[in-house]
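Residue numbers (our numbering): 347 to 426.
Cβ coordinates follow ideal geometry from the N, Cα and C atoms, glycine included.
Next up, the structure:
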């Protein structure tokens with residue numbers, strides 16, 4: 347699946363695709379949000395959950411490695 351194909355899916359289809367085909371790489375916490383980072387084929391997907399309401403706030407798919415910067419401490423930790 348390509349990034350453009352993923353972004354055309356409904357939110358539920360995106361979540362199903364991540365569950366069955368994605369690899370979770372890291373999670374992080376910022377303010378009241380929980381962020382989950384997935385790898386899916388040749389791109390990344392970030393899920394943002396509101397920790398207080400336990401609701402999904404956003405699904406962001408990207409290829410730009412600059413957007414991985416907040417996750418680098420967690421990714422490096424797992425490699426070591």
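Taking the CA atoms as reference points, residue 379 sits about 25 Å from residue 354. DSSP places residue 351 within a helical segment (H, G or I) once states are collapsed to three. The C-beta distance from residue 385 to residue 369 rounds to 5 Å, short enough to meet the 8 Å contact threshold. Annotation: residue 365 is outside any beta strand (DSSP E); the continuous alpha helix (DSSP H) that includes it extends over 357-367.
Shown here for residue 403: same chain residues with a beta carbon closer than 6 Å to its own, the five before and five after excluded, namely 394, 396 in chain order. Put simply, of 383, 363, 411 the residue whose alpha carbon is nearest the alpha carbon of residue 347 is 363.
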